[in-house]
Every structure is written in structure tokens, then in C-alpha cells.
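Enquirer: Line by line, the protein sequences are chains A and B. Take the first sequence: its letter number 170 is residue 170 in this note's numbering, and every next letter is one higher. Take the second sequence: its letter number 166 is residue 166 in this note's numbering, and every next letter is one higher. Cβ atoms here follow ideal geometry from the backbone N, Cα and C, with glycine treated the same way. One structure follows; several queries about it will come next.
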Amino acid sequence: MSVATTRTISLQGATGHLIDVQVDLSHGLVKTALVGRADSAIQEGRDRCRAAVTNSGYEWPATRRVTILLSPADLPKRGPHFDLAIAVGILAAIGQVPKQALDGVVLIGELTLDGRLRSVPGVLPMAMAAAARGITTAIVPEPQADEAALVPGMTVLGVRSLRQVTAHFRGEPLPGAPAVEPLASAPLLSWRGEERLADLDLADVIGMADGRFALEVTAAGGHHLMLSGPKGAGKTTLAERLPGLLPDLTLEEALELSAIYSLSGDLPTGQTLITRPPFRAPHHSASTASLLGGGSGRVRPGEVSRAHTGALFLDEFPFFNAGIVEALRQPLESGEITIARGEEQATFPARAIVVLACNPCPCGDYHPTDRDNRCTCTEIARREYRKKLSGPVVDRIDIVRHVEPVAPHAFRDPLSCPEPTRAVRSRVTEARERAAARLADTPWRVNADVPGAALRERWPLSAAAADLVEDRVYAGALTRRGATRVHRLAWTVADLAGRDQPGLDDTDTALRLRTGAPLALSALERRAG
Amino acid sequence: MNDREARVALNRLGEPGDVRMSGLVAELGAERVYTLLRDEREITGIYTDVAQRLRGLDPAADLAQADARGIRFVCPGDEEWPSGLDALSGCEPIYRRGGAPLGLWVRGPLSLREACARAVSVVGSRSATTYGVDVASAIAAHVAGQGFCVVSGAAFGIDQAAHRGAIAAPGPTMAVLACGVDRAYPAAHRPLLDYLADNGLVVSEVPVGCAPTRLRFLSRNRLIAALAQGTVVVEAAVRSGALNTASWTVRLSRVLMGVPGPVTSAPSEGVHELIRSGGATLVTRGEDVLELVAPAGEHLTAPHRGPMRPRDRLSGLDQQVLDAVPLAQAVPAHSIARTAGLGARVVVSTLSRLRGGGFVEHDEAGWRLGPAALDASLTPSPRRPA
């Protein structure tokens with residue numbers, strides 16, 4: 001009777017399950033049975049493993065009944081990365097690999113017929129899940145060793161072939177093998193995508209004092225922002241500069257984000273850990289799966305998760321599919337998104353700052369303040385368009401800003417010197433540190449995370465400031481929920497100004513940010529224009 | 001001691017806008033007032049210790065020092081003296097400040113007189129909003145672009161925005177200070193004032209080196225009103241210095257204009273009150289301002305109207321019939337006649353005429369609206385951007 005057990009990880013979304021791969025060789029009908037709710041990619045793995053074992057110079061137990069069990073047996077499993085664990089299990093069962101060497105090791109990798117390894121998506125979250133279950137060693141395809149090594153306390157061995165794995169377990173020197181291709185396919189076209197974003201600076205934004213300040217508060221407090229204004233007014237210009245204002249990711253955030261990119265298989269090669277907040281701007285024609293996650297086969301994280309810890313920019317928001325907008329409610333509230341499919345549930349983190357942009361009308365030329373506007377929309381079309389700006393997502397927006405096109409003369413102002421991103425980011429970072437110190441013993445990271453009840457109980461406004469907000473509520477200009485948002489914003493404004501508690505001015509500024517009113521100049525102190 | 005030196009000495013002796021001093025100078029002449037005061041001859045019992053102070057002054061040296069720093073003293077009789085200031089001597093004082101200035105300290109390459117010949121003051125609160133700043137800057141850019149000099153203070157908010165708009169236009173602009181023209185108040189506006197000194201004008205009644213005080217701001221406001229043909233108040237709360245400038249504008253019979261804001265906005269409250277009480281004319285853009293301050297017949301604005309639609313050109317009868325024609329389902333002429341309350345014969349002839357213009361269409365079922373009548377308000381057309 002010969003049984004061997006190896007381990008690997010199965011992913012459901014960003015959640016990893018430790019899987020025992022048990023191989024049993026027994027007498028009976030000659031057959032290779034794979035049980036334990038494996039998907040077709042794993043089923044096909046039987047043939048890959050057989051060829052790989054044989055072509056690596058070992059003997060496949062062709063005269064035995066081979067039973068491979070993936071347990072827990074009730075969990076659906078998918079992915080070709082089970083190959084390595086299965087093949088090593090067979091080799092251990094036939095005595096080619098010492099069984100005791102397999103303790104505390106996870107094996108991740110797809111095999112080719114000649115016994116070489118291939119890269120697989122999701123190595124980082126797998127390694128994170130393994131570490132959480134007390135596993136200390138991971139054997140992964142060589143190009144992905146750096147990725148797995150990001151997990152603290154994990155010993156990682158990057159290998160090229162099945163023979164190298166066997167040699168490692170036997171304590172022999174590793175035989176040579178051709179290098180393994182990295183996962184990401186080489187782009188057919190190269191363009192300045194990500195680099196372009198890194199080059200964007202607030203120093204190039206003339207005027208728009210309101211929008212700039214709103215962006216700063218958004219970044220400092222993690223608040224959601226809505227920018228409205230005619231086309232060409234500079235909404236995208238502002239939104240694209242939001243990630244630049246955010247501080248570098250903490251190690252925890254960087255791991256979360258890198259894990260998401262690893263899952264979708266597009267963690268950039270040569271840069272395993274993503275350290276800067278992302279900016280994602282899906283088009284309004286995007287499908288539910290691409291925006292929220294899902295897709296056929298493996299559940300892939302959507303744009304809302306790829307924007308985790310950064311900014312999700314939804315331009316032309318009213319044109320987004322109503323169902324998708326409705327579905328955005330969950331990530332906005334809980335900071336994660338769960339995709340349920342059959343009995344499978346995948347959960348991904350999705351805590352992004354949402355920036356919505358909308359035009360005043362479908363054609364985008366309507367200027368309520370400019371009598372020479374060239375809008376061709378009918379009043380009915382305008383009303384229909386505006387109707388879409390209500391509902392679950394817009395209700396969760398803290399800051400509303402109307403962006404008007406900058407007057408042409410402003411570009412000729414020789415005294416204009418807009419603050420660069422660097423200066424604003426240092427203020428944002430200080431404000432975030434101040435908030436983090438206040439929220440140290442709570443699960444919340446930024447002001448936008450703090451629930452209304454906790455806010456009122458632990459961090460109330462001063463009596464005078466609360467009166468200011470109450471007056472607006474009684475006047476009908478503000479809802480209760482809106483008042484809570486003002487309260488939250490007031491703290492961020494105070495954090496930015498370096499005050500220990502929001503004063504009257506901070507609360508007034510918060511009210512203006514929330515209601516879309518122009519800001520008082522006193523709020524923009526020390527910010528050169 | 002000539003007239004100019006006497007004015008410099010008296011200017012340093014008294015506070016700007018002191019009506020007693022300007023009244024005496026207007027009546028007796030600067031040299032005589034200087035001599036009388038210096039010789040301790042009591043006049044109206046006010047100046048008791050002035051003689052001592054006057055003897056300590058050296059106006060010739062003041063002028064020479066100022067000149068070395070590119071600062072000139074402009075007083076009545078000079079070619080550069082703006083005649084608009086003389087009107088101040090005929091005005092009742094406000095807060096006991098008033099009268100024409102004895103002279104002005106000036107920095108900058110422009111001619112004060114030429115700048116003031118076509119000038120608009122743009123004033124407002126320091127506690128302005130970004131809305132007010134944008135409007136002030138746009139108005140200033142327009143009027144300056146048309147060659148009018150923008151006159152304002154040098155405070156944060158509307159003042160700064162007005163200058164920046166004019167500079168960007170590019171066009172002439174002038175800052176009137178409540179401190180010496182060599183000083184920067186607020187200090188953050190040093191680059192702005194330096195720019196104005198190099199390219200526009202910096203003007204003050206207060207002698208070189210002197211600090212700004214609350215009363216000096218009030219005296220300064222009368223100059224802002226008097227140096228221009230009209231004053232635009234952009235944002236001013238109920239207690240704002242800009243309203244003091246507005247009062248001077250009214251007192252000088254110059255054009256007072258106000259830019260409205262949201263009715264809920266505190267910084268616009270003062271402006272709204274000016275408009276409501278009839279003191280100020282509502283303006284929303286530079287074109288409006290120029291129409292009011294430019295010489296009669298220049299810078300006229302066209303009355304604003306909505307776009308003409310083909311329907312608008314029809315006669316009353318034609319419109320009455322057209323209103324009765326249904327949009328989708330064709331109906332016979334007698335039905336239209338009943339709806340329109342008109343005779344069948346006149347309706348048929350009108351319909352035939354309207355058909356020629358494409359307003360109605362006719363088929364076997366009767367009449368319905370044609371393409372020319374289907375204006376935008378009846379046809380919602382959702383458009384998606386690419």
C-alpha cells in the first residue's frame with residue numbers, strides 16, 4: 001500500500017484554500033482516477049503529469065490503479081497549477097521522492113509534456129494563503145519566485161523542471177533546465193499608458209482652484225468625488241492626477257493589490273510588488289464581468305478590484321449600465337466585492353476612491369452659467385440624463401464639484417504658479433497620518449471609512465459647527481445622510497489644515513464641498529494659484 | 001518751497017483723506033497752508049503741535065529719495081494728474097474721510113492720467129469665494145483687453161483676481177494701496193505688486209514707507225472710486241470695505257455695477273442689497289461693464305435672445321392653426337378647424353400655405369406636423385458620445 005500527500009492551494013477569488021493532494025497506488029483495475037471536484041484543467045493535468053513524469057526519466061506506475069484525491073473533496077477546484085503537486089505526489093508514491101520531505105511545502109506550477117514548468121497566475125495570493133495556514137516553504141515556477149517571496153516568512157524555491165524538484169527533495173544538486181517563460185505575454189503594441197499617468201502633475205493644471213482643493217480632500221480622506229461640467233472642462237485632467245496625491249502604499253496594501261494583479265495574471269514583470277496606488281478608468285461600455293469581476297472559467301478580479309487602494313474613475317457616469325451601477329453599491333459600502341456563481345463564491349478587496357464624472361447634458365455642451373452655450377439637447381433629454389445621477393452610487397458621493405472651463409486668459413497669466421503634485425501630496429500624507437493616529441485603535445484607515453454612529457459618538461463636531469450643519473438640515477438643504485458626510489468631510493478638512501478638531505470654517509468648507517457651492521478663499525489658504 | 005514740496009510736506013503731516021487739510025489746501029493753496037502751519041499760526045484751533053513736526057520734514061529730500069527708487073509724486077497741475085480726482089473735493093465725507101488727495105505717490109511705467117481716462121474699478125471682499133474670483137478675473141480680463149485700466153486694491157480675493165485677469169488679458173491695471181507704494185501688504189503679494197510696478201501702476205496717497213491702517217483703507221477706497229469711470233462690486237458681504245467704495249462711487253455720480261451671486265451666498269449679500277436698493281446695475285460680464293462705462297455709443301452689447309426657430313417667423317393666424325395640427329396621427333382639416341376655433345375655409349388655405357414651408361404634411365388621412373414644425377422641444381433625441 002503506498003500513499004503520498006502533497007499540498008497546493010486552490011483559489012476562490014482572493015481567498016486561498018489549502019488542498020491536500022493524496023496519491024494512492026493499489027492493485028485493481030489499471031486506471032488513473034482523479035477525484036475531488038476538479039475542473040477540466042485539472043482533469044487534463046493527469047495526461048500532462050503522465051507525460052511529464054515519463055519524459056523526466058521516471059516510470060509511471062502503469063500497472064497499478066492510481067487514485068488521486070484532492071481534499072477537502074467538497075470544494076470545487078480549478079486551475080492547471082495543481083500539476084506539480086500531483087506529479088510530485090506520484091513520484092513520492094513510487095518512492096522517487098522521500099515522503100517526509102514534503103511536509104510544510106506547497107507546490108505550485110503547471111507542467112509541460114517534457115517535464116518543464118510553466119508560470120501560473122495567482123502565485124502571490126496562493127503564497128499568502130499558504131503562509132496564513134502555517135506553510136513555510138513554497139516551490140513555484142522560477143519567474144514567480146520573487147512574487148511568492150514577497151510574503152513575509154516564506155522560503156521560496158523557484159524551479160524550472162520536475163527533475164529539479166525531485167533533486168531538491170532528494171537533496172541532490174539541481175540539474176540544468178531551460179529557463180521558464182514569465183507569465184505576462186509581451187505586449188504587441190507599446191504605448192505610454194502607466195508611465196503617462198506617472199508624468200501627470202498638478203503643476204500643469206491652471207486655475208480650477210475648487211477642483212484642485214476637492215481632489216486634495218478626496219485624497220486625504222478617501223472620499224468619493226463627483227465632478228460635473230461640460231466636456232473639455234478638465235474633469236479627466238483632475239481625476240487622472242488623484243493617484244499622484246496618494247501616499248505610497250503600505251506593505252499590507254501593496255501585497256493586497258499585487259495579489260489582485262497576480263490573480264488577473266498581469267502583474268508587470270520585473271516589478272513584483274506594486275507600490276503606487278492604481279488608477280483605473282473603465283469605459284462606460286464595460287461589461288459587468290470586466291468591471292466587477294467574474295468572466296468565464298476562472299473568476300477574475302474586475303476593474304473595481306484592480307483600483308483597490310487607488311482611484312476608480314467612471315467617466316460619463318450616466319452612460320454606465322444601470323445594473324452595473326447598482327452592483328457597485330456593495331464595494332462602495334464594504335470595500336470588497338463578492339461574485340457568486342453557482343456554489344462558488346469569490347471575494348476580492350475593492351476599496352477604491354470612486355470618482356464619477358458627468359456632463360450637464362448628453363451632448364456635453366450645456367453651460368447653465370453661459371448664455372452662449374452650444375447645447376443641442378432638448379430639455380427632456382437633459383432631464384433624463386440628470387435622473388441617472390441619483391441612486392445608490394451617487395448617494396455615496398461625499399464631494400460634488402462643478403468644473404467650469406478655465407477662462408482662456410488664465411493660461412496667459414504670468415503670475416500663475418500652480419502647486420505641484422509633490423507639495424499637495426505631502427499635505428495629504430500629513431493629513432492621513434493625523435487621521436490614522438486618531439483611528440489607531442479602530443479597523444478604519446481613513447475618514448471616509450468611519451461609520452456615522454462612531455463619528456458622532458467618538459469624534460463629534462463642536463456645538464457651533466454642529467449647529468451650522470443642523471441649520472442646513474432644517475432648511476431642507478441637506479439630508480441626514482448628507483449631514484454625516486459633511487461631518488466626515490469636516491474632519492478631513494481639519495486634518496489638512498492641521499487642526500485638532502474641525503472648526504466653524506472647516507465645517508463650512510465641508511458643507512460647500514458636499515453641496516457643490518463655490519469654496520471660500522479662506523479655505524484655500526497657503527495654496528498658490 | 002514750491003507747491004509740490006509743500007504738498008509732500010503736508011501729505012506727510014496729516015492723515016490721508018483728512019477733509020480739514022484738503023479743504024484748507026483747496027482754499028488757500030498748499031504753499032500758504034504750509035507756511036501758516038510752520039509758523040505756528042493757529043488755524044481753527046486744530047493743529048497745535050504741527051509746526052514742530054513740519055520743521056522736521058524735508059520734502060525735497062523725500063522727493064529725491066523716492067525718485068531714486070522709481071517713485072514719483074503726482075499732484076494737481078501735473079500733466080499726469082487725473083482730473084477725475086478733483087470731483088472728490090465736492091463730495092460729502094464718509095466716516096469723516098474725503099476730499100481730493102494732496103497728491104499721489106506713483107510707481108510704474110503707465111501714465112496715471114491716461115490710465116484713468118478709461119478705467120474701471122473692480123472691487124470685492126477678501127472673504128470671497130472661488131466663484132467671485134473667477135468672475136472678477138474674467139471681467140477684468142475683458143475690460144483690460146479692450147484697453148480699459150483695471151483699478152483695485154491689492155488684497156487677497158477679488159482684488160488679486162482682478163489684477164491677475166487684467167495682467168493675463170494683457171491690459172493695463174493699477175493697484176491703489178493703503179500703505180506706502182514701496183511696501184507689500186499683504187506680504188504674499190510682493191510678486192504681484194512688483195509686477196504691477198514694472199508693467200502697470202501702483203498708487204497710494206500714503207507717503208512712502210508708511211504702514212496701512214484701518215482708516216487708511218477707508219480713505220483709499222474713495223480713490224479707487226474716483227480714479228475710474230465706474231465700479232464693479234463682485235462679492236461683498238454686508239460689512240465689507242467694497243461697500244464703502246460703492247458708496248463713494250454713488251457719491252461721485254459714477255457708474256456702480258454689481259455682479260450677483262447665489263441668493264444663499266453670504267459673500268454676495270452686500271452686492272444684492274446694492275442692486276435691490278437701485279444703487280447698482282446688475283452686470284454679469286465684461287461686455288455689460290463696458291457698455292455702461294464706455295463713452296456713449298461705444299461697446300454696445302446686442303440684446304440677448306434665444307435662437308430663432310422657423311415657427312417663430314409665422315404670423316399669428318398661422319401659429320394658431322399650426323398649434324391645432326397633431327404631431328403623429330393625421331386628422332382632417334375640419335377637425336383642425338374645430339380645435340383651432342377657426343373657420344374651415346381659412347384653415348384649409350392656411351394649411352396649404354404652411355405645407356409650402358414644410359410645417360405640415362398632407363396625406364389621404366389628413367394633416368399632421370411636418371419637419372419644419374418639429375423643433376427641438378418635441379423630439380427628444382438621446383445621443384451617446386462615441
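Could you list which residues in chain A have their beta carbon closer than 8 Å to that of Phe73(B), in chain order?
Expert: In chain order: nothing, as chain A lies at least about 28 Å away.
Enquirer: Let me know the secondary structure DSSP gives Leu57(B) once reduced to three states.
Expert: Coil at Leu57(B), not helix or strand.
Enquirer: Hey, does Ser127(B) have any beta-carbon neighbour from chain A nearer than 8 Å?
Expert: yes
Enquirer: Per DSSP, which residues does Asp363(B) bridge with? Please list them.
Expert: Gly366(B)
Enquirer: Just confirm the distance between the C-beta atoms of Ile167(B) and Tyr185(B), as a whole number of angstroms; I'd bet it's less than 8 Å.
Expert: That belief does not hold up - the Cβ atoms of Ile167(B) and Tyr185(B) are roughly 19 Å apart, past 8 Å.
Enquirer: So, using beta-carbon positions, are Val403(A) and Leu238(A) closer together than 8 Å?
Expert: In this structure, Val403(A) lies near Leu238(A), with their beta-carbon atoms less than 8 Å apart.
Enquirer: Let's test the definition: count the other Cβ atoms within 10 Å of the Cβ of Tyr95(B) and tell me whether it reaches 16, buried, or not, exposed.
Expert: Exposed is the call here.
Enquirer: Could you tell me which uninterrupted beta strand (DSSP E) segments, each at least 3 residues in length, are contained entirely in the segment 74 to 123 of chain A, listed from first to last along the chain?
Expert: 105 to 107
Enquirer: Report the option in Ala141(B), Gln160(B), Val181(B), Cys179(B) whose CA atom is closest to the CA atom of Gly171(B).
Expert: Out of Ala141(B), Gln160(B), Val181(B), Cys179(B), Ala141(B) has the C-alpha closest to the C-alpha of Gly171(B).
Enquirer: Below 9 Å between beta carbons is the criterion; list the residues of the segment 295 to 310 of chain A that meet it against any residue of chain B, in chain order.
Expert: Those would be none; no residue qualifies.
Enquirer: Does the count of Cβ pairs from the segment 346 to 354 of chain A and the segment 377 to 387 of chain A closer than 8 Å reach three?
Expert: no
Enquirer: So, at 8 Å on beta carbons, what are the nonlocal neighbours of Ala520(A) in its own chain, with the 5 sequence-adjacent residues on each side left out?
Expert: For Ala520(A), where only same-chain residues beyond five positions count, the Cβ hits under 8 Å are Asp505, Asp508, Thr509, Arg512.
Enquirer: I'd like to know whether the C-beta of Pro418(A) is nearer than 8 Å to at least one C-beta of chain B.
Expert: No, its Cβ sits nowhere closer than 8 Å to a Cβ of chain B.
Enquirer: Give the secondary structure of Pro295(B) by DSSP, where H, G and I count as helix, E and B as strand, and everything else as coil.
Expert: coil
Enquirer: Okay, do the segment 82 to 95 of chain B and the segment 243 to 261 of chain B touch, 3+ Cβ pairs below 8 Å being the bar?
Expert: yes
Enquirer: Less than 8 Å separating the beta-carbons of Arg401(A) and Ala214(A)?
Expert: yes
Enquirer: Checking contacts by CB at 8 Å: is Thr6(A) closer than that to chain B?
Expert: no
Enquirer: According to DSSP, simplified to helix, strand and coil, what is Arg422(A)?
Expert: Reduced to three states, the DSSP call for Arg422(A) is helix.
Enquirer: What three-state label does DSSP hand Cys49(A) in the structure shown?
Expert: helix
Enquirer: When DSSP builds the beta bridges, which residues end up paired with Val176(B)?
Expert: Val203(B)
Enquirer: Considering only C-alpha positions, which residue in the set Pro141(A), Asp24(A), Gly244(A), Gly302(A) is nearest to Pro277(A)?
Expert: Gly244(A)
Enquirer: Tell me which residue opens and which closes the beta strand (DSSP E) that Val394(A) is part of.
Expert: Careful: Val394(A) lies outside any beta strand (DSSP E), inside the alpha helix (DSSP H) at 392 to 395.
Enquirer: Indicate whether at least one CB of chain A lies closer than 8 Å to the CB of Ala386(B).
Expert: Bear in mind that a pLDDT of 37 at Ala386(B), under 50, signals an unreliable position, so the number given afterwards is only what the model happens to contain. No, no contact with chain A.
Enquirer: If you check the beta carbons only, do Ala578(A) and Ala138(A) fall under 8 Å apart?
Expert: One cannot answer for residue 578(A) here, as it falls past the ends of chain A, which runs 1 to 529.
Enquirer: For Arg192(A), which residues in the same chain have their Cβ closer than 6 Å to its Cβ, ignoring the five residues on either side in sequence?
Expert: Note on Arg192(A): pLDDT 46, under 50, position unreliable in the model; the coordinate value appears next. Sequence-distant Cβ neighbours of Arg192(A) in its own chain, meaning closer than 6 Å and more than five residues away, do not exist here.
Enquirer: Name the DSSP beta bridge partners of Leu34(A), please?
Expert: Ile68(A)
Enquirer: Run the CB neighbour count on Leu327(B), radius 10 Å, all protein chains shown included, and call it buried at 16 or more, exposed below.
Expert: exposed
Enquirer: Could you say which of Asp467(A), Ser522(A), Gly335(A), Ala517(A) lies nearest to Pro443(A) if we only look at CA atoms?
Expert: Gly335(A)
Enquirer: Which residues of chain A have a Cβ atom closer than 7 Å to the Cβ of Phe156(B), listed in chain order?
Expert: Leu521
Enquirer: For the structure I just gave you, are there three or more beta carbon pairs, one from the segment 344 to 363 of chain B and one from the segment 313 to 324 of chain B, closer than 8 Å?
Expert: yes
Enquirer: Between the segment 266 to 292 of chain B and chain A, which residues of the former have a C-beta closer than 8 Å to a C-beta of the latter?
Expert: Pro267
Enquirer: Using a 10 Å radius around the Cβ and a threshold of 16 neighbouring Cβ atoms, would you call Cys417(A) buried or exposed?
Expert: Burial call: exposed.
Enquirer: State the CB to CB distance for the pair Leu227(A) and Gly211(A), rounded to an integer number of angstroms; the pair is presumed to be in contact (CB under 8 Å).
Expert: 7 Å
Enquirer: Would you say Val133(B) reaches chain A, if we count a Cβ-Cβ gap shorter than 8 Å as a contact?
Expert: yes
Enquirer: Using 10 angstroms around the beta-carbon of Phe561(A), count the other beta-carbons present and answer buried if the total reaches 16, otherwise exposed.
Expert: Since the first and last residues shown for chain A are 1 and 529, residue 561(A) lies out of range.
Enquirer: Determine contact between the segment 97 to 114 of chain B and the segment 70 to 77 of chain B, defined as no fewer than three beta-carbon pairs at a distance below 8 Å.
Expert: yes
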